[in-house]
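For the record, the sequence lines run as chains H and S.
Quick note, the first sequence lines up with residues 6 to 336 if you use the working numbering.
Quick note, the second sequence lines up with residues 6 to 336 if you use the working numbering.
Glycine residues also receive a C-beta, built at the ideal position from the N, C-alpha and C atoms.
2 protein chains.
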Amino acid sequence: MTDVAREVGVTAKTVSRVLNDDGPVAVETRERVMEAVRKLGYQPNLMARNMRVGARDAAIGLVIPEMGNPFFGMVAGGVESVVRARGLTLIVGSSSESADLEQSLIATFLARRVSALMVVPSATSDHRHLRTERVAGLPIVFLDRPAVGLTADCVVSANREGARAGVAHLIAHGHRRIGFIGDLPATLYTRRERFQGYRDALDDAGVPFDRSLVETGHDQEAAQAAAVRLLALPVPPTALFAANNLASMGAVLALSRAGRRDVALVGFDDLPLAECLDPPLTVVAQDPEGMGVAAAELVLARLDGDKSKAQRALVSTRLLIRGSGEVPASR
Amino acid sequence: MTDVAREVGVTAKTVSRVLNDDGPVAVETRERVMEAVRKLGYQPNLMARNMRVGARDAAIGLVIPEMGNPFFGMVAGGVESVVRARGLTLIVGSSSESADLEQSLIATFLARRVSALMVVPSATSDHRHLRTERVAGLPIVFLDRPAVGLTADCVVSANREGARAGVAHLIAHGHRRIGFIGDLPATLYTRRERFQGYRDALDDAGVPFDRSLVETGHDQEAAQAAAVRLLALPVPPTALFAANNLASMGAVLALSRAGRRDVALVGFDDLPLAECLDPPLTVVAQDPEGMGVAAAELVLARLDGDKSKAQRALVSTRLLIRGSGEVPASR
DNA sequence: TTGACATATGTCATCGTTGACATTGAATCC
DNA sequence: GGATTCAATGTCAACGATGACATATGTCAA
């Protein structure tokens, strides 16, 4: 900025005034400044500016576990649309489901003085360390999974209810042996909730719970292997409930490769082209974009000074009946 | 930091020394400082630090057109793995395919003093304005699509070659009327290249080009409609070539809903569960993660001082034969 | 005992920017 | 014509951190 000022023959302050439309500036001076700015390719230093002004900057930080997982991609998309509409910038980083990386990402964001934080917590993280910031008035909203050790806003899917509905749907089609393919680790919030929904549905129908029908696989390949193991049981399940998108993909793959069109399948979370699969995939659809939007709106409300107590928003799910969930029980 | 210093009864400088492992500090002082840091929940102000040190910070900015599109998600994932391994932080923002938003995102990143820029340009953008930065030594790498009006590093798929191979595959199965479903706008780099590949394959085989077989749809729904239009032509195509993932999804949906298993289809870019579709989808697979990795490595090399001239890296594609592309020509 | 040296800490200036306040000159008013 | 006002610009300090250099204390060899 000093360079620009020297070029024009004024003080840095005057340049600052031009750039911020601050005090009065002579038309001619303004033009000469603008020209010098162009000529020198001057970029105002946001860091210095924010430091001086003391204001947290116009960026909001979002931490997600995986860039590659389309579910989080859609969540981020939802957040972004809202944040952008407010003229703020969204900064996204991924934690790879590691509590350490999550914490270091959060530290990076804080050090960069973001004006709010949105976090999809990784499986093993603890958020006690964020108490100070929360008390200091930094809006923090958790997405998809609630915070651990910290009371804070949070937007989650109706996991338990959705899973219950999905499994009840299978039971309604005559199934009593229903395999469950869930996330790793088993302590993960969404996994626990969906598992509870699975138990609920069984209990509601008086179907006994069989631990051997519960399998785990945290990526598509592992889920596929899990499905294969389930189908190889002495008394195999006649239906599968896949508790997340990757598990669904694994299950679809396993059934497809094994040519097992007699096994029913309901997935949690919708997949692209689910209706074109063979058979078309019945799912308990989440609304990832809606979650992002809801969370972002919550953050903006907090930024606007909403001081009401921390709330947990439930985003409902919808059972989309397409075929795979309506395969009747074979035995 | 001053607060911490006061708490301990030393100068800010001493606190700084402790935190940066700088000069010598008495063990006892160090401990007392650390304790005060914890107690007060002190967060060093990265902005102030970077300002003082003058260094660009340890963040790399990545601009992608869409958060929701899994293709870019995977690209970002690839970039991130490499960047993270170097201890740097990746900051991602989305431009919604708008040149204006892209430019403002870039400005935001520059103002934040990222140490390098990676950009998937939006369809209509121009990058002349980045000349100054490039000359000033800021590494800038373009991904998926090359820069416009600027010579810079760039990593792209072998679009033309891949499309040519995909269309040639259809021709080899007897098709001569092959519909093309491409991106919007038609001026988009990837669309142009893939279209050229389509033309190449037709020319190679001496198949006349028919303009009425070229349709456009920039999202899944539009692509589906485009496929429907193609199939309703007086002399309809016996095969379709979908030039990107959304187009493929639209085409699959259209064929599936119309029950047209007699129409062959090859998609550009792989889809999850493509092998479970009915028929399984033959694609020209890109390597989005590989593109991200390659681009990130290029950026790191530049950061390490590689001054060689701007290069364009081609990431090759693979034809994955699964069924939909081998449907024989019906007429 | 003294000076050379290392250790632990402090002082001051500075990074790029802007808030608070001062200065200058010209126009306006009574 | 002197007071008042306003426009245009300047001066200085400060944001939070650190680099360069200074100071104070202790240790040890000559």
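Who are the Cβ neighbours of residue i in its own chain at under 8 angstroms, not counting the five residues just before and after it?
i, result
"Pro333 (chain S)", "His178, Gly179, Ala269"
"Pro49 (chain H)", "Met6, Leu24"
"Ala227 (chain S)", "Leu189, Thr221, Gly255"
"Arg234 (chain H)", "Glu220"
"Ile111 (chain H)", "Gly66, Val68, Leu122, Val124, Leu135"
Mark residue i as exposed unless 16 or more other C-beta atoms lie within 10 angstroms of its C-beta, in which case mark it buried.
i, result
"Phe289 (chain S)", "The amino acid at residue 289 (chain S) is misidentified as Phe; the sequence shows Val. Looking at its Cβ environment, which holds 16 or more other Cβ atoms inside 10 Å, Val289 (chain S) is buried."
"Ala121 (chain S)", "buried"
"Arg57 (chain H)", "exposed"
"Arg317 (chain S)", "exposed"
"Asp267 (chain H)", "exposed"
"Thr156 (chain S)", "exposed"
"Glu36 (chain S)", "exposed"
"Gly73 (chain H)", "buried"
"Gly59 (chain S)", "exposed"
"Thr195 (chain S)", "buried"
"Ala17 (chain H)", "exposed"
"Met133 (chain S)", "In the sequence under discussion, the amino acid at residue 133 (chain S) is Arg, which differs from the Met named in the question. Exposed, because fewer than 16 other Cβ atoms sit within 10 Å of the Cβ of Arg133 (chain S)."
"Asp149 (chain H)", "buried"
"Ser99 (chain S)", "buried"
"Glu85 (chain H)", "buried"
"Arg43 (chain S)", "exposed"
"Ser313 (chain S)", "exposed"
"Gly14 (chain H)", "exposed"
"Ser162 (chain S)", "buried"
"Glu107 (chain S)", "buried"
"Ser335 (chain S)", "exposed"
"Glu40 (chain S)", "exposed"
Among the options, whose alpha-carbon lies nearest the alpha-carbon of residue i?
i, options, result
"Glu331 (chain H)", "H:Leu135, H:Val172, H:Ala300, H:Gln225", "H:Val172"
"Phe1 (chain S)", "S:Asp131, S:Phe246, S:Val68, S:Ala300", "Summary: the structure shown does not reach residue 1 (chain S), with chain S confined to residues 6 through 336, and so no result is reported for it."
"Phe214 (chain H)", "H:Ala17, H:Phe200, H:Gln229", "H:Phe200"
"Phe246 (chain S)", "S:Leu305, S:Gly297, S:Ala41, S:Ser329", "S:Ser329"
"Glu166 (chain S)", "S:Glu198, S:Val146, S:Tyr47", "S:Glu198"
"Pro75 (chain S)", "S:Pro293, S:Val9, S:Val257", "S:Pro293"
"Ala116 (chain S)", "S:Glu138, S:Ser130, S:Gly202, S:Arg11", "S:Glu138"
"Tyr47 (chain H)", "H:Asp131, H:Glu71, H:Pro70, H:Arg11", "H:Arg11"
"Val356 (chain S)", "S:Ser109, S:Ser217, S:Val257", "As displayed, chain S neither begins before 6 nor continues past 336, which places residue 356 (chain S) out of reach and without an answer."
"Leu193 (chain H)", "H:Ala206, H:Thr129, H:Lys44, H:Val42", "H:Thr129"
"Pro285 (chain S)", "S:Asp224, S:Pro126, S:Leu260", "S:Leu260"
"Ala299 (chain S)", "S:Val233, S:Arg54, S:Val320, S:Gly66", "S:Val320"
"Ala315 (chain H)", "H:Ser127, H:Val9, H:Val160", "H:Val160"
Below 6 angstroms CB to CB, which residues in the same chain sit around residue i once its five sequence neighbours on both sides are set aside?
i, result
"Ala64 (chain H)", "Thr94, Ile96, Val119"
"Asp275 (chain H)", "Val288, Ala290"
"Leu303 (chain S)", "Val146, Asp158"
"Val153 (chain S)", "Asp131, His132"
"Ala210 (chain S)", "Ile176"
"Val124 (chain S)", "Val68, Phe147"
"Gly184 (chain S)", "Leu218, Leu235, Pro242, Leu245"
Leaving aside the five residues before and after residue i along the sequence, list all residues of the same chain whose C-beta is less than 7 angstroms from its C-beta, in chain order.
i, result
"Gly28 (chain S)", "Arg22"
"Leu51 (chain S)", "Asp62"
"Ala263 (chain S)", "Leu236"
"Asp224 (chain S)", "Leu251"
For the ligand MN, any of its heavy atoms closer than 6 angstroms to the Cβ of residue i?
i, result
"Glu107 (chain H)", "Looking for the ligand MN in the displayed structure turns up nothing, as the structure carries no ligands at all."
- Task: Count the C-beta pairs between the stretch 84-97 of chain H and the stretch 27-34 of chain H that are closer than 8 angstroms, then say yes if the count reaches three, no if not.
- Result: no
- Item | At least three beta-carbon pairs within less than 8 angstroms, the stretch 74-85 of chain S to the stretch 101-108 of chain S | no
- Message: Along the stretch 81-93 of chain H, where does the CB come closer than 7 angstroms to a CB of chain S? Name the residues.
- Response: Ala81, Gly82, Glu85
- Evaluate contact between the stretch 278-296 of chain S and the stretch 315-328 of chain S, counting only Cβ atoms and requiring at least three cross-stretch pairs below 8 angstroms. yes
- Got a sec: which bits of the stretch 123-147 of chain H sit with their beta carbon under 7 angstroms from any beta carbon on chain S, in order along the chain? Thr137
- Message: Would you call the stretch 243-255 of chain H in contact with the stretch 179-197 of chain H, where contact means no fewer than 3 C-beta pairs closer than 8 angstroms?
- Response: yes
- Item | Contact set between the stretch 230-251 of chain S and chain H, restricted to residues whose Cβ is under 7 angstroms from the partner | none
- Answer yes if the stretch 300-307 of chain S comes into contact with the stretch 141-158 of chain S, meaning at least three C-beta pairs across the two stretches below 8 angstroms, and no otherwise. yes
- Query: If contact means a Cβ-Cβ distance below 8 angstroms, which residues of the stretch 268-285 of chain H contact chain S?
  - Reply: Leu276, Pro277, Leu278, Glu280, Cys281, Leu282, Asp283
- Message: Residues of the stretch 109-121 of chain S in Cβ contact with chain H at a cutoff of 8 angstroms, in chain order, please.
- Response: Leu110, Ala112, Thr113, Leu115, Ala116, Arg117, Arg118
- Query: Given a limit of 7 angstroms on CB to CB distance, which residues of the stretch 311-333 of chain H reach chain S?
  - Reply: none
- Query: What are the residues of the stretch 216-231 of chain H that lie near chain S, defined by any Cβ-Cβ distance shorter than 9 angstroms?
  - Reply: Gln225
- Query: Taking a cut of 7 angstroms between CB atoms, which residues from the stretch 171-182 of chain H lie near chain S?
  - Reply: none
- Task: Can you give me, in chain order, the residues of the stretch 14-32 of chain H that have a beta carbon less than 9 angstroms from any beta carbon in chain S?
- Result: none
- Task: Output, in sequence order along the chain, the residues in the stretch 39-51 of chain H whose CB is closer than 8 angstroms to any CB in chain S.
- Result: Gly46, Gln48, Pro49, Asn50, Leu51
- Using a Cβ-Cβ cut-off of less than 9 angstroms, list which residues of the stretch 93-107 of chain H approach chain S; keep chain order. Thr94, Leu95, Ile96, Val97, Gly98, Ser99, Ser101, Leu106
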